[in-house]
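Visitor: In our numbering, the protein residues as written are 78 to 556.
Glycine is no exception: its CB is placed at the ideal position from the N, C-alpha and C atoms.
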């Protein structure tokens, strides 16, 4: 007679299979990190050790994605408070900074544009104007990606929206998702999105980077200056992406069969402009105008972003119904708030000084001019991004250290922060970006495609920075 299986054992086995052994080991390491650092015989103040212990737990859980990022962040902040490391005003101090609220506004703006159909109308308007030749359609998608960054700041939803339009165009070519046409266009919008998310303040990583530069670098960061500083890189990378995709993935067909008829059909299906679309367009234009002129009025981009996002929810003025507003993913708000809170705790407990000295102390002798500092920062950030795959986690953990290093060595925190932030746009592997993961879901490319295109942009952008940082940025008062 067989012995019945132990239900508890079966439950543990099924849970292990569901979670994965890698995450289980990471969870054990993260939890073990707390007592190991807490009681480690290090020549540090107790508060400093305790802050490092909890921060280590948070970083390990974020890297391995053991549980949702927001939950990890909340647990860590609660531990800072519950274990007496810092008072609650510091443990949750990140929520009093601008970045989480800027993000909420950006999420509302993105939802407003997609729910009204304004984003799709803009996409087809641009595609209709570029013609039916494949090379022009490809350029049209890249330009659309750039312009839509102002309206849908988050890269993944932007890529998903454009990707669905790409598949419709590919079908009109009479091709499938494995064709060069499909592969080229999806890769173009994906890699362009990873760049634009860094050069225009609105995505989660750029909002967070700006906030940390202001908070820890003690310098003002204007939306307009950020955009103008990166604009030459945007233009060159648009052209570079267009050229590279055409060379690597020559199209099976040069022209879209019945192309104008297809595009006209899609535009007609959208119908005339609706009142919500018009109101959404007015709100978007208003936001961009105020952002672009912040060097005159000095109104925080976060104030503008949240204000426009809230206006989108007001009856008569806005366009979002209560049911639509429920689609907002507020967990990213919690994640960003706890990210900044962790950095605040590390600064309050002097742990930031210890980490900065350990990680960047050896770099000081080599950063003796603009060219050296640009090269070292760019490639150091790239290496850090290989380990801290999440852009948000990478910036939240390392940017305060970069700012500390800049202040201690009398370097421009704004310039160093911008180089460090821009370097997170370099990707060689799909896991490094939610944008690439979203694009990969369409089944049009593989890891080899990502590696070779990513390598091209990684090298090209480092060379471009060597020209822009010493020659162009000083004209803007950066550096």
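How about residue 411 and residue 182: do their beta carbons lie closer than 9 Å?
Guide: no
Visitor: Helix, strand or coil for residue 374 per DSSP?
Guide: helix
Visitor: To which residues does DSSP link residue 210 through a beta bridge?
Guide: Residue 210 pairs with 332.
Visitor: Count the other CB atoms within 10 Å of the CB of residue 554; is the residue buried (16 or more) or exposed (fewer)?
Guide: exposed
Visitor: Provide the residue span of the alpha helix (DSSP H) that contains residue 261, from first to last.
Guide: 257-276
Visitor: Which same chain residues, not among the five before or five after residue 296, have their C-beta less than 7 Å away from its C-beta?
Guide: Closer than 7 Å at the Cβ level, and outside the excluded window around residue 296, lie 290, 490, 491.
Visitor: From the DSSP output, in three-state form, read off residue 299 for me.
Guide: coil
Visitor: Hey, how far is the Cα of residue 520 from the Cα of residue 373?
Guide: In a straight line, the C-alpha of residue 520 is about 46 Å away from that of residue 373.
Visitor: Measure the alpha-carbon distance for residue 305 versus residue 355 and round it to whole angstroms.
Guide: 28 Å
Visitor: From what residue to what residue does the alpha helix (DSSP H) around residue 426 run?
Guide: Counting along the chain, residue 426 falls outside any alpha helix (DSSP H), and DSSP gives it neither H nor E.
Visitor: When you compare only the Cα positions, how much space is there between residue 260 and residue 159?
Guide: 51 Å
Visitor: Among 234, 248, 287, which residue has its Cα nearest to the Cα of residue 270?
Guide: 234
Visitor: Candidates 463, 419, 220: which alpha carbon is nearest residue 313's?
Guide: 220 is the residue among 463, 419, 220 whose C-alpha sits nearest the C-alpha of residue 313.
Visitor: If we count Cβ pairs, one from each stretch, closer than 8 Å, do we get three or more for the stretch 198-214 versus the stretch 318-334?
Guide: yes
Visitor: Does the separation of the CB atoms of residue 453 and residue 440 fall below 9 Å?
Guide: Taking 9 Å as the Cβ cut-off, residue 453 and residue 440 qualify as a contacting pair.
Visitor: Which runs of the alpha helix (DSSP H) fall wholly inside the stretch 116-171 and span at least 4 residues, in chain order?
Guide: 123-141, 146-159, 165-168
Visitor: Are the stretch 234-249 and the stretch 510-520 touching by the rule of at least three beta carbon pairs closer than 8 Å?
Guide: yes
Visitor: Any heavy atom of the ligand FMN closer than 8 Å to the CB of residue 295?
Guide: With respect to the ligand FMN, the structure shown offers nothing to examine, as it has no ligands at all.
Visitor: Quick check on the DSSP output: the alpha helix (DSSP H) that includes residue 517 runs from which residue to which?
Guide: Here the alpha helix (DSSP H) through residue 517 covers 511-517.
Visitor: Expressed to the nearest angstrom, what Euclidean distance is found between the alpha-carbon atoms of residue 170 and residue 143?
Guide: 24 Å
Visitor: Any chance the stretch 499-507 sits against the stretch 528-535, with 3 or more Cβ pairs inside 8 Å?
Guide: yes
Visitor: So, is residue 404 buried or exposed, given that buried needs 16 or more other C-beta atoms within 10 angstroms?
Guide: Exposed: under 16 other Cβ atoms inside 10 Å.
Visitor: Which residues in the same chain as residue 254 place their Cβ atom closer than 6 Å to its Cβ, once the five residues preceding and following it in sequence are excluded?
Guide: Within the same chain, residue 254 has close Cβ partners 520, 521.
Visitor: Have a look at residue 84 and residue 98 and give me their C-alpha separation to the nearest angstrom.
Guide: Low confidence applies to residue 84: its pLDDT is 45, below 50, so where it sits in the model is not reliable enough to give any reading.
Visitor: As an exercise, report each continuous alpha helix (DSSP H) stretch of at least 4 residues that is fully enclosed by the stretch 462-491, in chain order.
Guide: 468-485
Visitor: Compute the Euclidean distance between the alpha carbons of residue 132 and residue 455, then round it to the nearest angstrom.
Guide: 25 Å
Visitor: Report buried or exposed for residue 324, applying the criterion of at least 16 other Cβ atoms within 10 angstroms of its Cβ.
Guide: exposed
Visitor: For the stretch 266-281 against the stretch 341-359, do three or more pairs of beta-carbon atoms, one drawn from each stretch, fall closer than 8 Å, so that the two count as touching?
Guide: no
Visitor: Can you give me the start and stop residues for the alpha helix (DSSP H) that residue 289 sits inside?
Guide: 281-294
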